[in-house]
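Undergrad: Below you'll find the structure I mean.
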Amino acid sequence: LNPLYEDRKASCNIYFDRRNGCYRMKDFGNDAYSGDCFDTVGKLKNLNCSNPKDFIEILETVNRELNLGLDEDYSPLVVAISPKPVRESKPNPSQPPENPKKTKPYSVVQQTFSARETDFWRQYGITPETLKTYKVFSLKEFRSENSEGKPFCFQSLDAEPIFGYTGKRHVKIYRPFSEIRFLYGGLLPDNYCFGLEQLPAKGDTLFITGGEKDVLSLVAHGFHAICFNSETSNIPQHIIKKLSYRFKHILLLYDTDKTGLESSLKHVQQLSDSGVKRLVLPLAGTKQEKDISDYFKAGNTRENFMQLFIEFLDNLYNLSSTKAQFYRQFPIGHSSPSSLSTSEFHIVKSRFYFRGTTPIGIFVLYRI
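Number 37 in our numbering belongs to position 34 of the sequence shown; there are no gaps in the numbering.
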């Protein structure tokens, strides 16, 4: 059904136009609603893509409402979310009363990243491009209400920056140097999963981390990663089950402090049916040295982490040193290994064959 009007017959289709390299909508019931994303915006705004003036307005609308910041006269965006009114209904005495999740009204004022804020992310290898892809913004101000309905406001300072992980109906606030580090506004989904929509359709290895910053740090170093709301949050098994068909290895990569170790052990036991494993980083578990972000901040490289991962596979599958050495030296993802440096190595696909319970160590490697 077409969501843009009261459609009664299922005759609407979204498809990929290979010739033009974009997605289009085809409505067989009402062709006026067919077209690409710009046609759709034009229809919603009563504008015509064929008219140059209207098309420019369509582009400005997309830029403004998606906060792309592409125009020269970029100004901070103010976003305000208020809870929708709920129609009251008479209670049913035969059923216990529901306790619906409350939407927290909030407003934010976005701003461009300062040099100091950019440096904060760069120490973990996280680039402005990665932040943009994952919809992470610098906030000048965050307003909301506490659990008692009393309004409060946090404003960004040089010593206490505010960052926002933004979603469709929520924002998760991250204040790395403040006493209150995490807050949220709007309606945080029950199955909140940061990084899920940025994952590819297929991949070799997926890491589940303890937080958003760890996801961003792994992604910036060329790995696939997601996180749930916290290390102690429940991990929905149906999400992991679906991901197990898309990724050969799924590994928990939690903090190495007491909470992280206990949580990862619990989750790996609960998710064993989906083949989820646990990789423990060689870190002290202190406040300054406990997660993958700290690992990269300490000067470790992508190649160091790859070596750690390969050693993990060695232990996991009990491979012989000869076969493991072959795995290390073969420049995975390239057809000619002779002239490549170790910085170009990356796992694409691996498969282990066993005779009974004994690994015979034959690898099948595919190019991207």
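All residues carry an ideal CB built from backbone N, CA and C; glycine is no exception.
Tell me, please, which residues DSSP counts as bridged to Pro203.
TA: For the purposes of this step, residue 203 is identified with residue 200 of the sequence shown, where counting begins at 1. In the DSSP output, where bridge partners are listed per residue, Pro203 has none listed.
Undergrad: By DSSP's criteria, Gln158 is part of a beta bridge. Which residues make up the other side?
TA: The sequence position of residue 158 within the sequence shown is 155, counting from 1. Glu144, per the DSSP bridge assignment.
Undergrad: Using CA atoms only, rank isn't needed, just tell me which of Ser141, Val112, Lys107 is closest to Asp122.
TA: Here residue 122 refers to the residue found at position 119 when the sequence shown is read from its first residue. Nearest option by C-alpha distance: Ser141.
Undergrad: Given that a residue counts as buried once 16 or more other Cβ atoms are within 10 Å of its Cβ, and exposed if not, what is Ile253?
TA: Position 250 of the sequence shown holds residue 253. Its Cβ being crowded by 16 or more others within 10 Å, Ile253 is buried.
Undergrad: Which of the three DSSP states is assigned to His224 in this structure?
TA: Residue 224 sits at position 221 when you count from the first residue of the sequence shown. Three-state result, His224: coil.
Undergrad: For Gly214, tell me which candidate among Thr208, Val112, Val222 has the shortest Cα-Cα distance.
TA: Along the sequence shown, one-based indexing puts residue 214 at 211. The candidate whose alpha carbon is nearest that of Gly214 is Val222.
Undergrad: Start and end of the alpha helix (DSSP H) containing Asp42?
TA: Walking along the sequence shown from the start, residue 42 turns up at place 39. Unbroken alpha helix (DSSP H) run through Asp42: 40-47.
Undergrad: For the alpha helix (DSSP H) containing Ser266, list its first residue and its last residue.
TA: On the sequence shown, residue 266 is found 263 positions in, with the first residue counted as 1. Looking at the DSSP string, the run of the alpha helix (DSSP H) that includes Ser266 is 261-273.
Undergrad: For Leu219, does the three-state DSSP call read helix, strand or coil?
TA: In the sequence shown, the residue the question calls residue 219 occupies position 216. Leu219 falls in the helix class under three-state DSSP.
Undergrad: Can you list, in chain order, the residues of its chain with a C-beta nearer than 6 Å to that of Lys175? Leave out the 5 residues immediately preceding and following it.
TA: Within the sequence shown, residue 175 is the residue found at index 172, counting from 1. Contacts found: Tyr168, Tyr187.
Undergrad: Within a Cβ cutoff of 8 Å, which residues of the same chain sit near Cys15, ignoring the five residues on either side of it in sequence?
TA: To locate residue 15, count along the sequence shown from 1; it is residue 12. Excluding residues within five positions, the ones whose Cβ falls inside 8 Å are Leu4, Asn5, Met28, Lys29, Asp30, Phe31, Gly32, Tyr36.
Undergrad: Alpha carbons only, please: which of Ala118, Gln126, Phe145 is nearest the one belonging to Tyr109?
TA: Residue numbering aside, residue 109 sits at position 106 when the sequence shown is read from its first letter. Of the listed residues, the one whose Cα sits closest to Tyr109 is Phe145.
Undergrad: Within 10 Å of its beta-carbon, does Arg22 have 16 or more other beta-carbons around it, so buried, or fewer, so exposed?
TA: As a first step, residue 22 is located in the sequence shown; it is residue number 19 there, counting from the start. That one is exposed.
Undergrad: Suppose the cutoff is 8 Å on Cβ atoms and the five residues either side in sequence are ignored; what does the same chain contact list for Thr212 look like?
TA: If you number the sequence shown from 1, residue 212 lands on position 209. For Thr212, where only same-chain residues beyond five positions count, the Cβ hits under 8 Å are Val218, Leu221, Ala228, Ile229, Cys230, Leu256, Tyr257, Asp294, Ile295.
Undergrad: Can you give the beta carbon distance from Phe315 to Leu264, rounded, assuming they're within the 8 Å contact cut?
TA: Along the sequence shown, read from residue 1 onward, the residue named residue 315 stands at position 312. Along the sequence shown, read from residue 1 onward, the residue named residue 264 stands at position 261. Actually they are not in contact, since the Cβ atoms of Phe315 and Leu264 sit about 16 Å apart, beyond 8 Å.
Undergrad: For Ser277 versus Ser247, is the C-beta spacing smaller than 8 Å?
TA: On the sequence shown, position 274 is the one that residue 277 refers to. On the sequence shown, position 244 is the one that residue 247 refers to. Yes, Cβ-Cβ distance for Ser277 and Ser247 is below 8 Å.
Undergrad: Please say whether Arg178 and Ile165 have beta carbons closer to each other than 8 Å?
TA: By 1-based counting over the sequence shown, the position of residue 165 is 162. By 1-based counting over the sequence shown, the position of residue 178 is 175. Yes; because the gap between Cβ atoms is below 8 Å, this pair is in contact.
Undergrad: Let's test the definition: count the other Cβ atoms within 10 Å of the Cβ of His241 and tell me whether it reaches 16, buried, or not, exposed.
TA: One-based indexing of the sequence shown puts residue 241 at position 238. It counts as exposed.
Undergrad: Mapping DSSP to helix, strand and coil, what is Asn33?
TA: Position 30 of the sequence shown, counted from the first residue, corresponds to residue 33. If DSSP states are grouped into helix, strand and coil, Asn33 belongs with coil.
Undergrad: How big is the Cα-Cα spacing for Gly107 and Gly189?
TA: For this step, residue 107 is matched to residue 104 along the sequence shown. For this step, residue 189 is matched to residue 186 along the sequence shown. Before going on, a small fix: residue 107 reads as Lys here, not Gly. Cα to Cα, Lys107 sits roughly 5 Å from Gly189.
Undergrad: Give me, in chain order, the residues of the same chain whose beta-carbon lies closer than 6 Å to that of Asp39; leave out the 5 immediate sequence neighbours on both sides.
TA: Working through the sequence shown from its first residue, we reach residue 39 at position 36. Same-chain partners within the cutoff: Cys25, Arg27.
Undergrad: Relative to the alpha-carbon of Tyr298, which residue among His224, Tyr18, Arg172, Val279 has its alpha-carbon at the smallest distance?
TA: For the purposes of this step, residue 298 is taken as residue 295 along the sequence shown, with counting starting at 1. Measuring from the Cα of Tyr298, the nearest candidate turns out to be His224.
Undergrad: In terms of alpha-carbon separation, which member of Asn51, Phe226, Cys196, Phe197 lies closest to Leu209?
TA: Stepping through the sequence shown from its first residue, residue 209 is reached at position 206. When only C-alpha atoms are compared, the closest one is Phe226.
Undergrad: Around the Cβ of Glu91, are there at least 16 other Cβ atoms within 10 angstroms (buried) or fewer (exposed)?
TA: The residue you call residue 91 lines up with position 88 of the sequence shown. In this prediction, Glu91 has a pLDDT of 41, which is less than 50 and means its spatial position is unreliable; what the coordinates show is noted afterwards. Looking at its Cβ environment, which holds fewer than 16 other Cβ atoms inside 10 Å, Glu91 is exposed.
Undergrad: Checking 8 Å against the spacing of the C-beta atoms, do Phe155 and Gly206 come in under that value?
TA: Working through the sequence shown from its first residue, we reach residue 155 at position 152. Working through the sequence shown from its first residue, we reach residue 206 at position 203. No; because the gap between Cβ atoms is not below 8 Å, this pair is not in contact.
Undergrad: What residue range is occupied by the uninterrupted alpha helix (DSSP H) comprising Val283?
TA: Position 280 of the sequence shown, counted from the first residue, corresponds to residue 283. First-last for Val283: undefined, no H or E at that position.
Undergrad: Would Ile243 and Val279 be called neighbours here (beta carbons separated by less than 8 Å)?
TA: The count along the sequence shown starts at 1 and reaches residue 243 at position 240. The count along the sequence shown starts at 1 and reaches residue 279 at position 276. Yes; because the gap between Cβ atoms is below 8 Å, this pair is in contact.
Undergrad: Quick one: grab the DSSP three-state call for Glu234.
TA: In the sequence shown, residue 234 corresponds to position 231, counting from 1. Reduced to three states, the DSSP call for Glu234 is coil.
Undergrad: Can you tell me whether Phe180 is buried or exposed? The criterion is at least 16 other CB atoms within 10 Å of its CB, across all chains shown.
TA: Mapped onto the sequence shown, residue 180 falls at position 177. With fewer than 16 other Cβ atoms within 10 Å, it is exposed.
Undergrad: Please name the residue or residues paired with Glu292 in a DSSP beta bridge.
TA: Translated into the one-based positions of the sequence shown, residue 292 becomes position 289. Glu292 is bridged to Thr289.
Undergrad: The alpha helix (DSSP H) spanning Phe248 covers which residue range?
TA: Translated into the one-based positions of the sequence shown, residue 248 becomes position 245. According to the sequence displayed, residue 248 carries Tyr and not Phe. Looking at the DSSP string, Tyr248 is not in any alpha helix (DSSP H), and its letter there is neither H nor E.
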